[in-house]
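Novice: Residue numbers (this note's numbering): 19 to 735.
Backbone N, C-alpha and C define an ideal beta-carbon position, used for all residues, glycine too.
Being a predicted model, the structure only gives us computed values, none of them experimental.
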């Protein structure tokens with residue numbers, strides 16, 4: 019045995035290191051070159067890592083692919099190496115002798131572990147592990163043909179103190195047959211497949227700046243990370259022994275570590291996201307300093323980050339930013355005609371016409387109104403991005419998934435609607451409110467803040483893409499998207515303030531203004547009804563009854579407040595406290611459960627209802643002659659989520675499938691599922707998304723990875 023000194027081999031270049039290891043291995047193996055055994059050890063000695071092949075099927079079918087597992091079993095305290103061993107070590111190599119009509123693919127390694135010895139980082143396997151590889155049989159092979167396979171396998175077995183190069187010649191046979199797989203072996207291979215990294219499906223980027231390398235990985239922040247670590251398969255870019263710092267920035271994970279080389283081209287690697295769970299990815303070089311400021315602005319998920327600056331935008335990100343910013347401005351502008359915002363804008367415009375005054379005052383009020391909107395949009399956006407960085411699944415539309423937030427909006431909209439109807443005078447929504455009378459700019463500012471607040475449940479055209487970009491872009495760029503939203507929302511009043519000709523087109527003040535104000539209460543009441551419906555969908559009739567009781571109590575106290583105002587009471591504000599107390603009590607008692615519960619295993623909260631995928635369910639449906647649509651997704655798959663939003667979870671798709679009596683099976687691969695993995699492999703896929711349609715009695719039809727509603731409805735038309 020060779021006792022390797024605890025030197026840092028990684029100090030040499032990758033090429034020199036490989037040569038040195040090869041020379042050491044050849045010198046060490048020379049005495050045993052003639053003593054390799056068929057399945058056993060070295061000159062009769064038992065190997066420190068025993069290797070043997072297991073086939074998923076001993077009788078693979080001609081024209082098909084069968085998986086082989088190279089099962090490696092180290093002795094206690096010994097370990098083997100990943101495809102990139104880290105600072106020291108060598109990977110497993112195979113030299114095949116194959117019969118005609120048989121071809122073998124590349125080894126597939128499970129997610130490795132880290133092992134640091136004397137400051138040297140090793141990527142290893144310390145327990146039994148299986149390397150999988152596909153073997154493909156030619157269609158010309160005749161059933162019953164015996165296929166002898168032979169391979170010379172070489173690897174390095176190590177402890178913390180000693181390393182031994184080992185080799186074995188493994189001989190085994192396969193017989194061409196029906197491809198049958200027994201249940202016991204199927205279970206073993208499912209477990210081994212579950213330890214392989216799943217393809218991320220999205221392209222990552224990396225940047226080398228001085229002694230630091232940063233890797234930006236598109237990964238939804240809803241994906242939970244446990245003991246996360248990035249293993250670089252490509253040598254010469256990262257310093258393996260350097261500590262890794264992981265940070266979140268929206269749906270982007272940044273890994274910051276030490277740089278070993280300049281890095282050019284692409285970097286392959288595996289991101290470990292949990293025990294025996296990982297994602298394989300490819301990262302392209304984004305150029306020096308591409309993510310230089312991210313470390314100061316992102317959320318450090320390991321708890322040792324600092325706050326400050328933001329991620330610099332590269333060329334493509336800059337394009338995305340300008341498109342998103344323009345979409346936010348257009349979306350904000352269109353919000354002004356929505357029922358929840360239009361009354362506020364209309365009343366403020368009328369108050370401007372009523373007040374008349376100098377052009378300087380009009381500009382001052384317009385700027386104050388704009389400042390109120392933009393500041394509140396920034397507060398909302400900052401809160402959203404901050405909570406997302408902490409792991410909360412929220413966004414501009416996600417807040418309406420929380421019944422407590424809907425209830426707060428219900429109370430707010432009820433108060434605004436009753437105010438517009440003239441039941442009471444309170445706050446900035448009043449045409450003649452005290453705040454505006456004391457200072458126009460101050461009143462305009464708070465009216466702008468209120469307009470931004472009531473716009474919360476609305477989503478205008480162009481906003482979806484803009485809000486999505488705000489989440490994906492760096493925090494500072496994301497906040498600027500919210501500035502664009504506020505600017506668009508404030509734009510009409512801003513134009514009225516700075517363009518006298520537009521102000522002159524406003525109708526002259528008169529008695530009609532009070533009537534118009536009451537008319538504006540109607541769209542607000544419609545907004546209240548919409549919130550009541552949405553709340554009922556989430557918490558059911560019993561919860562909705564409690565929410566309505568709270569809202570009606572709040573309205574009753576506001577009526578009391580208005581009556582005291584009209585009576586001239588100097589303490590007309592007294593009913594406000596019990597009004598808020600009633601609303602708070604209802605909020606605290608509000609149930610958070612769903613309103614509707616489907617049958618076991620069937621989704622009830624999606625437009626396109628589905629059942630969990632299983633081979634048994636699929637086979638049963640197929641035998642009954644029913645059409646089946648199977649789709650496979652994962653929470654970390656951005657393409658999957660885009661397809662679900664744009665095509666799958668649409669009413670037109672659901673209606674078309676329902677009319678054709680299509681059963682939908684959903685395979686969730688967020689946490690690797692062996693049955694789903696096997697199905698993906700059978701259909702030539704190594705990851706999600708995958709969409710397959712089974713017509714009654716027909717062959718499976720694999721759909722494109724980017725879906726549209728027309729693509730799906732055409733299946734059953």
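From residue 383 to residue 600, what distance separates their C-alpha atoms?
Specialist: C-alpha separation (whole angstroms): 35 Å.
Novice: Shorter than 9 Å from the beta carbon of residue 687 to some beta carbon of chain D?
Specialist: No chain D appears in this structure, which consists of one protein chain only.
Novice: What is the C-beta distance between residue 288 and residue 215, in whole angstroms, given that I count them as a contact (C-beta under 8 Å)?
Specialist: Contact holds; Cβ gap of about 5 Å.
Novice: Which residue wins for smallest C-alpha separation from residue 671, given the options 558, 120 and 734?
Specialist: Selected option, being the one with the closest Cα: 734.
Novice: Quick one: is residue 333 buried, meaning 16 or more other Cβ sit within 10 Å of its Cβ, or exposed?
Specialist: Residue confidence for residue 333 is low, a pLDDT of 48 falling below 50, so the modelled location carries little weight; the figure read from the coordinates is stated next. Flag for residue 333 reads exposed.
Novice: Could you check what DSSP says for residue 71 in three-state terms: helix, strand or coil?
Specialist: In this structure, residue 71 counts as strand in the three-state DSSP scheme.
Novice: For residue 52, collect the residues of the same chain with a Cβ closer than 8 Å to its Cβ; drop the 5 residues on either side in sequence, then sort them by chain order.
Specialist: Low confidence applies here, because residue 52 scores a pLDDT of 32, under 50, leaving its location unreliable and the question unanswered by this model.
Novice: Please state whether the Cβ-Cβ distance between residue 175 and residue 183 is less than 9 Å.
Specialist: Their beta carbons are under 9 Å apart, which means residue 175 touches residue 183 by this criterion.
Novice: Please state whether DSSP places residue 247 in a helix, a strand or coil.
Specialist: Three-state result, residue 247: strand.
Novice: I'd like to know if the segment 198-210 and the segment 226-237 are in contact, where contact means that at least 3 CB-CB pairs between them fall below 8 Å.
Specialist: No: the two stretches stay apart, fewer than three of their Cβ pairs being nearer than 8 Å.
Novice: Return the CA-CA distance between residue 110 and residue 731, expressed in angstroms with no decimal places.
Specialist: Roughly 49 Å between the two C-alpha positions.
Novice: Where does residue 437 sit, in a helix, a strand or coil, going by DSSP?
Specialist: Correct three-state label for residue 437: helix.
Novice: Could you tell me the distance, in whole angstroms, from the CA atom of residue 135 to the CA atom of residue 128?
Specialist: Roughly 22 Å between the two C-alpha positions.
Novice: For residue 399, which of 388, 495 and 339 has the nearest alpha-carbon?
Specialist: The candidate whose alpha carbon is nearest that of residue 399 is 495.
Novice: Between the alpha carbons of residue 432 and residue 348, how many angstroms are there, rounded?
Specialist: Going by the C-alpha atoms only, they are around 28 Å apart.
Novice: Suppose you measure from the CA of residue 726 to the CA of residue 674; what does that come to, to the nearest Å?
Specialist: Each residue's Cα considered, the two are about 13 Å apart.
Novice: Can you tell me where the alpha helix (DSSP H) holding residue 531 begins and where it ends?
Specialist: Note, residue 531: alpha helix (DSSP H), 530-537.
Novice: Out of curiosity, what's the CA-to-CA distance linking residue 61 and residue 169?
Specialist: For residue 61, the predicted model reports a pLDDT of 42, less than 50, meaning its position is unreliable; a value from the coordinates is still stated below. Their backbone Cα atoms lie some 18 Å apart in a straight line.
Novice: Where are the beta strand (DSSP E) runs, 3 residues long or more, that stay fully inside the segment 643-713, in chain order?
Specialist: Runs found: 646-651, 681-686 and 708-712.
Novice: Can you pull the DSSP bridge partners for residue 185?
Specialist: Paired residue(s): 172.
Novice: Which class does residue 48 belong to by DSSP, given the choice of helix, strand or coil?
Specialist: Low local confidence applies: a pLDDT of 38 at residue 48 is under 50, so the model's placement there is unreliable, and no value is given.
Novice: Which term fits residue 329, buried or exposed, when burial requires 16 or more other beta carbons within 10 angstroms of its beta carbon?
Specialist: Only weak support is given to the placement of residue 329: the predicted model assigns it a pLDDT of 40, under 50, and the value that follows is read from those uncertain coordinates. Its Cβ being crowded by 16 or more others within 10 Å, residue 329 is buried.
Novice: Need the endpoints of the beta strand (DSSP E) that residue 114 sits in, please.
Specialist: Where residue 114 is concerned, the enclosing beta strand (DSSP E) stretches over 111-115.
Novice: Is the segment 63-71 close to the segment 93-105, with three or more CB pairs under 8 Å?
Specialist: The segment 63-71 vs the segment 93-105: in contact.
Novice: Hey, how far is the Cα of residue 617 from the Cα of residue 630?
Specialist: Unreliable positioning characterises residue 617 in this predicted model, as indicated by a pLDDT of 35, which lies under 50. The coordinate reading is nonetheless provided below. Looking at the two C-alpha atoms, the distance is approximately 12 Å.
Novice: Quick one: grab the DSSP three-state call for residue 214.
Specialist: Coil at residue 214, not helix or strand.
Novice: Candidates 85, 118 and 133: which alpha carbon is nearest residue 100's?
Specialist: The candidate whose alpha carbon is nearest that of residue 100 is 133.
Novice: Please determine if the segment 575-582 and the segment 466-474 are in contact, where contact requires at least 3 C-beta pairs separated by less than 8 Å.
Specialist: Too few Cβ pairs lie closer than 8 Å, so no.
Novice: If you drop the 5 nearest sequence neighbours on each side, which residues of the same chain put their C-beta closer than 6 Å to that of residue 346?
Specialist: Closer than 6 Å at the Cβ level, and outside the excluded window around residue 346, lie 484, 499, 502 and 503.
Novice: Rounded to a whole number of angstroms, what is the C-alpha to C-alpha distance between residue 401 and residue 264?
Specialist: One C-alpha to the other measures close to 22 Å.
Novice: Could you check what DSSP says for residue 9 in three-state terms: helix, strand or coil?
Specialist: There is no way to answer for residue 9, as the model of the chain reaches only from 19 to 735.
Novice: Quick check: what's the CA-CA separation for residue 722 versus residue 648?
Specialist: Answer to the nearest angstrom: the Cα atoms are 13 Å apart.
Novice: Taking residue 232 as part of the beta strand (DSSP E), name the residues at either end of that continuous run.
Specialist: Unbroken beta strand (DSSP E) run through residue 232: 230-236.
Novice: Between residue 669 and the rest of its own chain, which residues show a CB-CB distance below 7 Å, the 5 nearest in sequence each way excluded?
Specialist: So the list reads 625, once near-sequence residues are dropped.
Novice: Could you tell me if residue 514 is buried or exposed, where buried requires 16 or more neighbouring beta carbons within 10 angstroms of its beta carbon?
Specialist: When all chains shown are included, residue 514 counts as buried.
Novice: For residue 226, write down the residues that DSSP places opposite it in a beta bridge.
Specialist: Bridge partners of residue 226: 231.
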